[in-house]
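Heads up: the structure comes next, in structure tokens.
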Amino acid sequence: MFKWKICETIIVDGILKSLKYHVKATDGDLSVETEGYWTMKTPHEVSRETSESQVIHWLDLE
């Protein structure tokens with residue numbers, strides 16, 4: 796199981812350019828966590844209505 800958290804976003808002219816994330820992977824009693832930065836390969840327009848789950852979905856598609 797993966798638990799994602801978007802910590803920071805870089806948005807230029809309404810387009811999501813990059814983000815900082817934290818992810819934790821859990822398998823029973825075992826887990827590992829990491830943070831990182833990702834530059835979006837596909838541009839996505841964002842607004843105030845854009846949710847964290849939508850951003851995580853875009854990240855997953857890449």
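Residue numbers (our numbering): 796 to 857.
Think of the CB as a built atom: it goes at the ideal place given N, C-alpha and C, for glycine as much as any other residue.
ask   = So, are the CB atoms of E844 and I801 less than 8 Å apart?
value = If you number the sequence shown from 1, residue 844 lands on position 49. If you number the sequence shown from 1, residue 801 lands on position 6. Result no, Cβ atoms of E844 and I801 do not sit closer than 8 Å.
request  = Please determine, among T804, K798, M796 and W799, the residue with the shortest C-alpha to C-alpha distance to V841.
outcome  = Translated into the one-based positions of the sequence shown, residue 841 becomes position 46. Of the candidates T804, K798, M796 and W799, the one whose C-alpha sits nearest the C-alpha of V841 is T804.
query = Going by beta carbon distance, what residues of the same chain come within less than 6 Å of M796, once the five residues before and after it are set aside?
reply = Within the sequence shown, residue 796 is the residue found at index 1, counting from 1. Excluding residues within five positions, the ones whose Cβ falls inside 6 Å are T821.
request  = Identify whether S848 lies in helix, strand or coil by the three-state DSSP scheme.
outcome  = Reading the sequence shown from its first residue, position 53 is the one you call residue 848. Three-state result, S848: helix.
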